[in-house]
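Chains as they are written, first to last, in full-length UniProt numbering: chain A, 1 to 325; chain E, 1 to 327.
A quick write-up on the structure given underneath.
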Amino acid sequence: MILILSDLRDDTVEMVLPKLKRLGVPVTWWDSGDYPARSRITLALGADGARRLMLHTATGTLDLSTVTAVWRRRPTGPTPAAHVSEPTHRTHVDWQAQFLLDGAWDLIPARWLPSRREPERRAHNKIINLARAASLGFAVPETVFTNDPAELVPAYERAGGRLVAKQINSDSFTVDGADHRTYTTVLTRRHLTSRHLLQHEPVILQPYVPKAVELRVIVVGDRVFAAEIDAQASRTAREDWRHYDDDRVRYAAHELPEDVRRRCAELVASFELTYGAIDLIRTPRGEYVFLEINPNGAWAFVEMRTGLPISDAIAEWLARGARDE
Amino acid sequence: MSGDFGATLAAGVALLRSLPRRRDQVEWARKEAAEWGAEHPAVAAQLVVDERPGTPVVDYDLLLTHPDGGTVALTAPADEGVPWLIEHSTHWAAGQLVSVDEVHLSVAQALTMLRSLSNRDSTPHDEIVDQCVILNEVLSDDEPLTTEDLQAAADEFRRGRGLYDRAATLAWMERVGMSPARFEEYIGGVARRRRFRRRKEAELASGYLAAHRSRFDRVRAVWWAGPERRMAASPAELLAVPSEVTGEIQVTIGERWAGDLPEPLRDAAPGTVVGPVEREGRFLTGAVLDRRPAKDDAETLAAAGRAAFADWLTERRRRASVEWHWL
Chain A
1 MILILSDLRD DTVEMVLPKL KRLGVPVTWW DSGDYPARSR ITLALGADGA
51 RRLMLHTATG TLDLSTVTAV WRRRPTGPTP AAHVSEPTHR THVDWQAQFL
101 LDGAWDLIPA RWLPSRREPE RRAHNKIINL ARAASLGFAV PETVFTNDPA
151 ELVPAYERAG GRLVAKQINS DSFTVDGADH RTYTTVLTRR HLTSRHLLQH
201 EPVILQPYVP KAVELRVIVV GDRVFAAEID AQASRTARED WRHYDDDRVR
251 YAAHELPEDV RRRCAELVAS FELTYGAIDL IRTPRGEYVF LEINPNGAWA
301 FVEMRTGLPI SDAIAEWLAR GARDE
Chain E
1 MSGDFGATLA AGVALLRSLP RRRDQVEWAR KEAAEWGAEH PAVAAQLVVD
51 ERPGTPVVDY DLLLTHPDGG TVALTAPADE GVPWLIEHST HWAAGQLVSV
101 DEVHLSVAQA LTMLRSLSNR DSTPHDEIVD QCVILNEVLS DDEPLTTEDL
151 QAAADEFRRG RGLYDRAATL AWMERVGMSP ARFEEYIGGV ARRRRFRRRK
201 EAELASGYLA AHRSRFDRVR AVWWAGPERR MAASPAELLA VPSEVTGEIQ
251 VTIGERWAGD LPEPLRDAAP GTVVGPVERE GRFLTGAVLD RRPAKDDAET
301 LAAAGRAAFA DWLTERRRRA SVEWHWL
């Protein structure tokens with residue numbers, strides 16, 4: 001049995017389900033956002049070492065000990081029943097439920113894609129993943145993580161006035177009540193005049209890396225797929241392709257040099273992950289520069305725009321556990 | 001540095017730190033800076049407002065004349081407790097024009113989309129540039145607008161959008177998010193551009209008429225346009241609809257300025273059949289029935305003025321520096 005943990009509206013799961021069906025492996029798709037309000041989990045540890053790991057959902061019962069592979073895609077967080085209304089009670093339920101889930105997942109003797117929560121959380125940290133990439137031999141930009149205003153101008157000068165700033169971690173916030181975003185920003189002298197505000201939050205400072213193309217590399221187990229994203233024709237998306245100017249951004253499959261391909265697979269494995277989305281830049285001089293790894297990063301747009309068979313690879317990886325039994 | 005100038009600098013910093021840093025408060029900030037400038041005439045203070053795209057946050061600089069010559073630029077952002085990247089963030093939809101259900105349309109995509117829908121004579125790009133060219137021309141126009149100017153501009157604007165009563169106008173304003181004050185201001189802008197256009201047309205009309213006289217002959221003509229070649233020996237044959245005609249045809253009988261006729265008929269002599277001629281995928285056959293030479297009357301001069309203005313605008317657009325930021 002394959003267990004897919006994700007929001008039931010997740011279109012990416014829909015891309016893999018038909019492939020799993022063709023492979024003849026039974027699948028349960030469940031969202032932990034259903035727990036504990038609409039689902040029940042019982043973990044029983046007997047004195048003789050026997051275990052009973054049961055998940056009861058609105059659609060059926062699953063013996064979790066029969067699960068051979070788990071795809072932890074984008075599950076939503078535990079949700080208390082609606083009429084548990086007192087805020088501290090809701091927080092209490094969240095807290096207890098998350099602990100139960102972490103424990104349950106630890107007891108399932110299955111292969112995980114990309115991993116249980118903890119390895120993913122560690123790999124997601126940009127400081128850790130940049131340092132790890134450098135130690136594996138990736139070229140990385142000279143990088144400063146800081147909230148010291150005094151660091152800003154020297155970094156700007158070292159970068160010859162072409163310095164970019166990035167968030168340490170993505171999040172949401174508002175300005176005057178409206179949702180705002182922070183994209184990779186090429187700094188101007190105006191940014192320097194507000195250097196004092198740097199003391200309020202750590203940021204990432206890097207010299208602007210000239211791009212021939214940006215690359216999103218998807219690693220599934222030991223398979224590596226690379227897509228080039230050429231945003232140079234778009235003024236909107238040139239510095240950060242997440243501006244999505246699809247009329248002017250070109251996507252194509254990309255053949256990585258063998259050493260870069262190998263390093264991508266090593267990086268993912270070094271975090272005990274079985275999946276990773278790695279962002280690289282290929283400079284006009286042909287150098288591959290590491291930017292970051294997103295341990296549960298998006299791949300559906302890569303497959304849709306390049307035809308790379310990533311959904312097949314994910315389905316095969318998940319099914320392999322069942323077939324190996 | 002004299003003590004006076006040092007004190008002025010300190011006062012300038014205090015001013016900058018007190019100004020509200022939101023786009024909708026800039027006018028208030030300008031007034032404050034103007035009052036401050038009046039109190040410190042020796043430094044000829046000017047406030048520079050830096051309106052960043054995609055955010056309501058603005059920055060200010062204050063330019064001052066140094067006692068020994070040269071300019072001193074002051075900038076003095078205070079610590080308002082906003083983390084640096086949030087201070088420099090942009091609205092999530094910056095660069096987006098409209099979101100419809102799950103589709104977020106960027107400005108670039110919208111303009112491309114409109115281009116494909118536009119007519120052959122004018123793309124939305126040209127139309128936008130034309131409006132900007134005219135805006136350039138009225139930038140320094142501070143001549144007061146008369147009530148008649150405003151009323152005529154408002155009437156023309158409303159007629160153009162089918163807003164025939166107050167309720168329809170108010171509904172339109174609500175749909176586009178325009179307050180009554182903003183609408184009044186907007187109509188003021190329309191009136192200025194309209195006045196410029198009218199004056200330019202009047203200025204160019206008689207010279208243009210003299211140079212393109214035959215284009216303003218009054219001409220009565222008949223022409224057929226359809227998918228098949230239609231032969232005719234005389235204008236009279238064109239006026240009769242034969243029973244064997246199949247498919248959709250368009251017959252036009254009308255009086256026009258010669259320059260507004262289909263191109264093959266513009267210079268044709270009365271009584272002569274022209275065509276069939278292939279034109280935009282259809283076949284045109286026609287004849288001029290009557291041609292009267294152009295007069296110097298008001299109607300002809302107005303038409304010459306409109307044509308002259310169109311030519312002037314095309315030439316002005318050709319010379320303009322145009323940069324599409326998002327294309």
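Glycine residues also receive a C-beta, built at the ideal position from the N, C-alpha and C atoms.
These numbers come from a predicted model, not from an experiment.
Any C-beta of chain E under 7 Å from that of residue i
{"i": "Gln98/A", "result": "no"}
{"i": "Glu266/A", "result": "no"}
{"i": "Arg285/A", "result": "no"}
{"i": "Val186/A", "result": "no"}
{"i": "Val13/A", "result": "no"}
{"i": "Leu43/A", "result": "no"}
{"i": "Val249/A", "result": "no"}
{"i": "Leu64/A", "result": "no"}
{"i": "Ser194/A", "result": "yes"}
{"i": "Arg181/A", "result": "yes"}
{"i": "Leu197/A", "result": "yes"}
{"i": "His92/A", "result": "no"}
{"i": "Val203/A", "result": "yes"}
{"i": "His89/A", "result": "no"}
{"i": "His124/A", "result": "no"}
{"i": "His254/A", "result": "no"}
{"i": "His200/A", "result": "yes"}
Between the CA atoms of residue j and residue i - distance to the nearest angstrom
{"i": "Pro180/E", "j": "Leu170/E", "result": "8 Å"}
{"i": "Thr274/A", "j": "Val26/E", "result": "54 Å"}
{"i": "Gly81/E", "j": "His200/A", "result": "7 Å"}
{"i": "Ala76/E", "j": "Asp31/A", "result": "51 Å"}
{"i": "Glu214/A", "j": "Arg73/A", "result": "24 Å"}
{"i": "Thr185/A", "j": "Asp171/A", "result": "16 Å"}
{"i": "Glu118/A", "j": "Gly103/A", "result": "12 Å"}
{"i": "Pro87/A", "j": "Pro80/A", "result": "10 Å"}
{"i": "Thr76/A", "j": "Leu267/A", "result": "27 Å"}
{"i": "Ile127/A", "j": "Ala133/A", "result": "10 Å"}
{"i": "Met1/E", "j": "Thr65/E", "result": "For Met1/E, the predicted structure reports a pLDDT of 46, less than 50, and the residue's modelled location is therefore unreliable. A value from the coordinates is still provided. For Met1/E and Thr65/E, the distance between alpha carbons rounds to 12 Å."}
{"i": "Met18/A", "j": "Trp317/A", "result": "Per the sequence shown, the amino acid found at residue 18/A is Pro instead of Met. Between Pro18/A and Trp317/A, the C-alpha separation is close to 14 Å."}
{"i": "Gly37/E", "j": "Leu47/E", "result": "9 Å"}
{"i": "Asn294/A", "j": "Gly49/A", "result": "38 Å"}
{"i": "Ala165/A", "j": "Ile128/E", "result": "35 Å"}
{"i": "Arg116/A", "j": "Leu187/A", "result": "37 Å"}
{"i": "Asp7/A", "j": "Gly24/A", "result": "23 Å"}
{"i": "Asp148/A", "j": "Phe196/E", "result": "55 Å"}
{"i": "Gly60/A", "j": "Asp10/A", "result": "20 Å"}
Strand pairing of residue i, partner residues [DSSP]
{"i": "Ile218/A", "result": "Phe225/A, Ala277/A"}
{"i": "residue 332/A", "result": "Here chain A comprises residues numbered 1 to 325, so residue 332/A is not present and cannot be evaluated."}
{"i": "Arg252/E", "result": "For the record, residue 252/E in the displayed sequence is Thr; it is not Arg. Per DSSP, Trp223/E."}
{"i": "Thr71/E", "result": "Thr65/E"}
{"i": "Pro207/A", "result": "Leu163/A"}
{"i": "Asn294/A", "result": "Ala277/A"}
{"i": "Trp112/A", "result": "Val70/A"}
{"i": "Glu51/E", "result": "Val58/E"}
{"i": "Asp79/A", "result": "Reading the sequence as shown, one finds Thr at residue 79/A and not Asp. Its beta-bridge partners are Pro36/A."}
{"i": "Phe145/A", "result": "Ile204/A"}
Below-7 Å beta-carbon distance, residue i vs any chain A residue
{"i": "Thr75/E", "result": "yes"}
{"i": "Met1/E", "result": "Residue placement at Met1/E cannot be trusted, given a pLDDT of 46 that sits under 50; what the coordinates show is reported in the next sentence. No, its Cβ sits nowhere closer than 7 Å to a Cβ of chain A."}
Residue i vs residue j beta-carbon contact at 7 Å
{"i": "Leu205/A", "j": "Ala155/A", "result": "yes"}
{"i": "Leu313/E", "j": "Asp141/E", "result": "no"}
{"i": "residue 328/A", "j": "His40/E", "result": "Only positions 1 to 325 of chain A appear in this structure, which leaves residue 328/A out of reach."}
{"i": "Arg282/E", "j": "Ala225/E", "result": "yes"}
{"i": "Leu43/A", "j": "Leu55/A", "result": "no"}
{"i": "Ala226/A", "j": "Leu256/A", "result": "yes"}
{"i": "Ile2/A", "j": "Ala69/A", "result": "yes"}
{"i": "Arg316/E", "j": "Val219/E", "result": "no"}
{"i": "Ser85/A", "j": "Thr57/A", "result": "no"}
Contact test: residue i Cβ vs the ligand ATP heavy atom, cutoff 6 Å
{"i": "Trp92/E", "result": "As presented, the structure is devoid of all ligands, the ligand ATP included, so that no description of it is given."}
Taking Cβ-Cβ distances below 9 Å as the criterion, which residues of the region 80 to 91 of chain E are in contact with chain A?
Glu80, Gly81, Val82, Pro83, Trp84, Leu85, Ile86, Glu87, His88, Ser89, Thr90, His91
Which residues, in order along the region 160 to 178 of chain A, keep a beta-carbon less than 7 Å from a beta-carbon of chain E?
Ala165, Gln167, Phe173, Val175, Asp176, Ala178
Quick one: which residues of the region 23 to 56 of chain E get their C-beta closer than 9 Å to a C-beta of chain A? List them in chain order.
Asp50, Arg52, Gly54, Thr55, Pro56
Beta carbons nearer than 9 Å to chain A: which residues of the region 283 to 307 of chain E have them?
none
What are the residues of the region 135 to 160 of chain E that lie near chain A, defined by any Cβ-Cβ distance shorter than 8 Å?
none
Check distances from the C-beta atoms of the region 55 to 72 of chain E to those of chain A and list, in chain order, the residues that come in under 8 Å.
Thr55, Pro56, Val57, Asp59
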